[in-house]
Structure formats: structure tokens, C-alpha cells
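Residues in the sequence shown are numbered from 259 upward in steps of one, following this note's numbering. Data first, discussion second: the structure below is written as C-alpha cells.
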Amino acid sequence: MKRESTSSMISIYEEVNKYEKSLMGEEWVKQKKVINYWLILFSMVLFGKSFVFYGSAALVLDVDPSIIIAIIVMIILMINIGQLFHIYYINRLIKNGKVKGFWWKQLVIASVIGLLVAFVMMFVMILYITSGI
Numbered sequence: 259m260k261r262e263s264t265s266s267m268i269s270i271y272e273e274v275n276k277y278e279k280s281l282m283g284e285e286w287v288k289q290k291k292v293i294n295y296w297l298i299l300f301s302m303v304l305f306g307k308s309f310v311f312y313g314s315a316a317l318v319l320d321v322d323p324s325i326i327i328a329i330i331v332m333i334i335l336m337i338n339i340g341q342l343f344h345i346y347y348i349n350r351l352i353k354n355g356k357v358k359g360f361w362w363k364q365l366v367i368a369s370v371i372g373l374l375v376a377f378v379m380m381f382v383m384i385l386y387i388t389s390g391i
């Protein structure tokens, strides 16, 4: 992980990274550092899960495709809405000159919203499973 790198496999993301880095400065570096740590942690959890459940028949479930589609749509909506808010706040903060400390506030808000959505999704899935539909 290069600390100052704006490179990306997709060229439009590289341009966006350069733009955000030029506007945010040190906050951009902090943001990328935290994102990289979360990606490493998430990857370790997924690898650990796949290692623990390798060859297990318990993972073969007869899942209703409508649940899978609903979860995928919910995730896509969350990602897009999150990106829209990110773009809006970056542009607004740059105009006001209040970039310092922005990333930590956004991280806390995103974490709280993510936990709330996770609990709602778990609640809906439990209701669906127990209803026997």
C-alpha cells in the first residue's frame, strides 16, 4: 500500500482520487489509510470464514432468490447513496474550507448507519425465516 498513491485499475477512479487528494490534502491520506485497514480486516474475516467452513455441508442452503435479490439491491442502494453523500460533503466542505477532521466524523456517521441497516436487515430476515413464507 503506497501512502500517497492515487492509482487505480479504472482510469476514472484515478482521476477522482487525484481531484479529491488535491482538495483534501492530508485528510485524503487519512481516509485512504482507514479504508485500507478496513479492507484488510474484512478480507481476513472472509478468508477465516472460508477456512473454517471449507467442505462443510451446512453452507448448502435452499435460499429463496428473492431474498438474495433484495439484499443485492439494498447493498447497491447503500453504496450509491453513500457515494452521493460523500461527493456532496466533499464539495461543500471544500467551498467552506472546513476539511480538517471531516473523515473521522464521516466514519462515525457511516458506522452508525451501517450498524442500523445491518440490524434492520437481520430483523427482516429473521421475520422472513420464522414466518415460513
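Cβ atoms here follow ideal geometry from the backbone N, Cα and C, with glycine treated the same way.
* Asked: How many angstroms separate the CA atom of Ile371 from the CA atom of Ser269?
  -> 30 Å
* **Opening and closing residue of the alpha helix (DSSP H) in which Ile270 lies** => Ser269 to Met282
* Buried or exposed (CB count within 10 angstroms, at least 16 for buried), Glu284 -> exposed
* **Local conformation of Thr264 per DSSP, three classes** => coil
* To do: Just the C-alpha distance for Ala376 and Gly340, rounded to the nearest angstrom, thanks.
  => 15 Å
* To do: Indicate the three-state DSSP secondary structure (helix, strand or coil) for Tyr312 in the structure shown.
  => coil
* To do: May I ask you to report which of helix, strand or coil DSSP gives Val394?
  => No information on residue 394 is available, as it lies outside the stretch 259 to 391 that the chain covers here.
* Asked: Assuming Ile367 and Leu281 make a contact with CB atoms under 8 Å, what is their CB distance in whole Å?
  -> At roughly 20 Å, the Cβ-Cβ gap does not stay under 8 Å, so Ile367 and Leu281 are not in contact.
* Out of curiosity, what's the CA-to-CA distance linking Ser369 and Leu385? -> 24 Å
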